[in-house]
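Some notes on the structure that comes next.
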Ligand code: 2AM
Ligand code: CA
Ligand code: CA
Ligand code: CA
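Structure follows, in C-alpha cells:
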C-alpha cells in the first residue's frame, strides 16, 4: 500500500533540495541550448534537476511512473498507477534572462486523479502545496477559497500573443475581455500563474497550449481553493496531452466562457 503522507513528505523535501541546487547554480555558468525554436530554451539545470527527481523517485518508489518535460516517460499511454508529472524548471526563459519568476512544478496522480500538487517559486522561497481534500497552502499557511469578483475588478494573466495574429485563436475573441478586466499581467511561468490564481493575486489565467508538466500541479492546488480549470472550450483537461487552459474562480470562469468565449462548461460540476 502507498503511504501518501510519506510520499508527500518526500516530495516536499526533494523540491526544497532541488530549489537549493538551482539557487546555487546562479554562481555558475549555464549551458543553454534551444529545442523546437530559437525561443524554446533548455539549460543544464533543467536537465540536472529532472535527473535529480528521477533518481530520488526510482530509488524510493520504483513502481511509480514519471512524466517529465526533459525526456522522461513522454510516451506514457495511460494514467494507470501513480505518476509523478514533473517540470524541473517552469519558466526557463525567465530563469535564463531574469533569474526569477520560474518554479519547480510537480503533480502526483493516482489513476488519473490528482493527489498532490507542489509549485516551488525558488527565488521567492514560496512553496505552494496541496493534498487532495486537505486544502492548499503557501509556506504552510492555508490559502482561503477564491473570492467572487466581477470581471471589471479582476486581474487576468495572459500572454499578449493571444490578442495578436496567431495560429491558435482569433485575436478578436479575447480582446474585449482584455478591455473589460481591471488589468492584465503575464509572468511567463504557467506554474506561477496557477499559483498566483490560487493565492488570489490573479483572478484568472488563460493560455492556448500547455503540456501536462505545466499544469499537473496547478490543477490540484486550484481545486483545493474552489477554483476551476478547464480547456478554453469549457472541456475537461486531458492529463496526458497538450491543452488550452482557462483557470479562475468559478464565477470568473463562468463569465469568461459565457460572455467572451461563448462556450458552455462541459463538466457536470457547478452548473
Ligand atoms: P517552460 O518554461 O517549462 O518551457 C511560458 O509562457 C510558459 O509556457 C511556461 O510555463 C513555459 O514552460 C510554457 N511553454 C513554453 N513553450 C511551450 C510550448 N512549446 N508548449 C507548451 N508550453 C510551453
Ligand atoms: Ca521548456
Ligand atoms: Ca513548463
Ligand atoms: Ca520546463
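In the numbering used here, the protein residues as written are 23 to 293. Don't be surprised by glycine CBs; every beta carbon is placed ideally from N, CA and C. Every value quoted in this text rests on a predicted model; they were computed, and no experiment measured them.
Host beta strand (DSSP E) of residue i (start-end)
| i | result |
| --- | --- |
| residue 130 | 125 to 132 |
| residue 194 | Premise fails: residue 194 lies in the alpha helix (DSSP H), 193 to 202, not in any beta strand (DSSP E). |
| residue 90 | 87 to 90 |
| residue 31 | First-last for residue 31: 26 to 46, but that is the alpha helix (DSSP H), not the beta strand (DSSP E). |
| residue 182 | From DSSP, residue 182 is part of no beta strand (DSSP E); its letter is neither H nor E. |
| residue 265 | 265 to 271 |
| residue 148 | 148 to 153 |
| residue 114 | Per DSSP, residue 114 belongs to no beta strand (DSSP E); it is in the alpha helix (DSSP H), 114 to 119. |
| residue 281 | Looking at the DSSP string, residue 281 is not in any beta strand (DSSP E), and its letter there is neither H nor E. |
| residue 209 | No beta strand (DSSP E) contains residue 209, which DSSP labels as neither H nor E. |
| residue 251 | 249 to 252 |
| residue 55 | 54 to 56 |
| residue 137 | 135 to 143 |
Residue i: CB within 7 Å of a non-hydrogen atom of ligand 2
| i | result |
| --- | --- |
| residue 114 | yes |
| residue 72 | no |
| residue 118 | no |
| residue 91 | yes |
| residue 64 | yes |
Terminal residues of the alpha helix (DSSP H) in which residue i lies
| i | result |
| --- | --- |
| residue 234 | 234 to 246 |
| residue 96 | No alpha helix (DSSP H) contains residue 96, which DSSP labels as neither H nor E. |
| residue 76 | 66 to 82 |
| residue 218 | 212 to 220 |
beta-carbon residue i near ligand 1 non-hydrogen atom, thresh 7 Å
| i | result |
| --- | --- |
| residue 181 | yes |
| residue 231 | yes |
| residue 266 | no |
| residue 47 | no |
| residue 32 | no |
| residue 58 | yes |
Supposed contact pair residue j and residue i - C-beta distance, whole angstroms, cut 8 Å
| i | j | result |
| --- | --- | --- |
| residue 111 | residue 170 | About 34 Å separates the two Cβ atoms, so there is no contact after all. |
| residue 154 | residue 136 | 6 Å |
| residue 152 | residue 139 | 5 Å |
| residue 58 | residue 66 | Between residue 66 and residue 58 the Cβ distance is about 18 Å, and since that is not below 8 Å, they are no contact. |
| residue 239 | residue 141 | 5 Å |
| residue 237 | residue 214 | Residue 237 to residue 214, Cβ: 12 Å. No contact. |
| residue 168 | residue 222 | 6 Å |
| residue 114 | residue 64 | 6 Å |
| residue 98 | residue 254 | Contact doesn't hold; Cβ gap of about 24 Å is too wide. |
Any non-hydrogen atom of ligand 3 closer than 7 Å to residue i Cβ
| i | result |
| --- | --- |
| residue 26 | no |
| residue 212 | yes |
Contact test: residue i Cβ vs ligand 4 heavy atom, cutoff 7 Å
| i | result |
| --- | --- |
| residue 234 | no |
| residue 170 | no |
| residue 111 | yes |
| residue 68 | yes |
*Evaluate the contact criterion for the stretch 227 to 241 versus the stretch 168 to 183: three or more CB pairs, one atom per stretch, below 8 Å.*
yes
*Okay, do the stretch 69 to 89 and the stretch 27 to 42 touch, 3+ Cβ pairs below 8 Å being the bar?*
yes
*asked:* Would you call the stretch 89 to 98 in contact with the stretch 31 to 51, where contact means no fewer than 3 C-beta pairs closer than 8 Å?
replied: no
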